[in-house]
Structure formats: structure tokens, C-alpha cells
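Numbering (our numbering), first residue to last: 538 to 748.
C-beta: ideal position from N, C-alpha, C; glycine also.
These notes concern the structure reproduced below.
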């Protein structure tokens with residue numbers, strides 16, 4: 538233990554490398570369990586759906602009429618999708634380039650938004666997977682049991698990362714310009730919180746379990 542305590546002062550680079558190695562070990566151990574994989578998959582999928590719902594890119598088509606019980610499939614692509622894809626309409630929000638309709642469901646596809654949403658959803662899913670495994674079986678990751686509850690917090694709070702204004706509209710709040718402007722910081726703050734949480738969990742991994 539003395540060598541582990543002295544490592545940050547003696548060799549910060551070695552300590553950081555060890556921290557990253559232990560964090561990767563914790564994530565791999567969590568995803569190596571069935572409950573960890575189930576949590577990561579379910580949370581990632583649910584978060585990605587909620588993300589697109591919050592942006593207004595996923596919803597029900599109004600006035601859609603089905604013929605002969607067969608879902609109607611439509612795909613409309615913008616004239617210049619490459620130029621449109623990188624046009625920003627709000628902080629961390631970009632223009633859609635295609636409209637996909639399948640039955641009563643409509644989906645606006647914005648490549649940058651989809652990539653951001655997927656990255657954030659995976660990060661939330663992995664963080665909560667580690668949280669569940671740390672809570673249910675801390676010895677599986679050589680993690681202290683107290684890491685479970687703390688690891689889940691950033692994943693829950695990051696739900697307003699890009700969808701805050703939409704959530705305010707749903708609950709009927711009249712938001713001021715200052716409050717709406719504050720939402721631009723939610724995405725980077727959420728990502729930083731999730732990464733720091735994973736690193737903190739990694740710092741609680743038993744170094745002897747990492748070869």
C-alpha cells in the first residue's frame with residue numbers, strides 16, 4: 538500500500554497509467570458479467586431513445602393512415618446532406634438530413650446528433666453497469682461496495698444533457714433566457730462527470746487484481 542500511496546508524488550505518469558489500467562479492468566469486469574451487460578445494453582438503448590425524443594427527432598406521425606394493415610415506409614433525404622449535417626442549430630444540436638417514416642413513427646436523422654447521442658448513451662450505460670456490479674457484487678471488480686451508489690449519480694443527472702429545454706416544456710415551466718443558456722453546459726459537464734466517476738471507480742480497484 539505504501540508504494541501505491543507514494544506513486545502519485547514519485548511518478549504521476551505511472552500513477553495515471555495505473556489508474557487508467559484499473560478503470561479499464563473495472564469496466565471489463567462489469568461487462569463480463571451478465572447483469573453488467575444487461576444493464577449496459579438496456580440503459581444505452583433507453584437513453585438513446587430518450588435523447589432523440591427530447592430533441593424532437595423521434596415521435597409519432599400525425600394524420601398517418603395505414604392501408605391494408607401494412608406499415609407505410611418513407612425515406613426523404615435532403616438535397617445537400619453533407620453540407621446540412623454540420624450546420625449547428627443550437628449548442629450540441631445539428632440539422633437533420635433525412636426523414637424516415639415507418640408506420641406511425643417518424644425519425645429525423647441528424648448524423649452528428651446521432652453520434653453524440655450514441656457516445657453519451659454508451660458512456661451512461663457503461664457507468665451504470667459498473668455501478669450495478671459494484672453494488673451487487675463488489676468483489677467481482679475488486680471495488681468497494683460504496684462505489685455503487687456514487688457511480689450511478691452522473692449517469693442519472695446526465696439525462697438533461699441535451700434535452701433540458703424539452704423537459705421544461707413538458708412540465709410546463711416558463712424558462713428564462715439565462716436558464717436556457719445554462720443548458721449548453723450540461724453536455725460537457727455530464728461527459729466530464731461520467732469520465733471522472735469511472736476514473737474514481739478505477740481508483741478503488743484492488744491493484745493486485747490488475748496484472
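Residue i and residue j closer than 9 Å at C-beta
i	j	result
residue 580	residue 739	no
residue 566	residue 665	no
residue 611	residue 638	yes
residue 598	residue 643	yes
residue 630	residue 592	yes
residue 655	residue 585	yes
Cβ neighbour criterion (16 or more within 10 Å) applied to residue i
i	result
residue 605	The predicted model places residue 605 with a pLDDT of 48, which falls under 50 and marks its position as unreliable; any figure quoted below should be read in that light. It is exposed - the Cβ of residue 605 has fewer than 16 other Cβ atoms within 10 Å.
residue 661	buried
residue 646	buried
residue 582	exposed
residue 633	buried
residue 624	exposed
Bounding residues of the beta strand (DSSP E) (the contiguous stretch that carries residue i)
i	result
residue 611	610-614
residue 638	635-639
residue 564	First-last for residue 564: 549-568, but that is the alpha helix (DSSP H), not the beta strand (DSSP E).
residue 627	625-627
Cutoff 7 Å; reference residue i; Cβ partners in own chain excluding five residues on either side
i	result
residue 572	669, 670, 673
Beta-bridge partners of residue i, as assigned by DSSP
i	result
residue 654	Residue 654 is not bridged to any residue.
residue 632	For residue 632, which the question treats as bridged, DSSP gives no partner whatsoever.
Limits of the alpha helix (DSSP H) - the one that residue i falls within
i	result
residue 587	571-592
residue 742	Careful: residue 742 lies outside any alpha helix (DSSP H) and carries neither H nor E.
residue 647	Per DSSP, residue 647 belongs to no alpha helix (DSSP H) and is neither H nor E.
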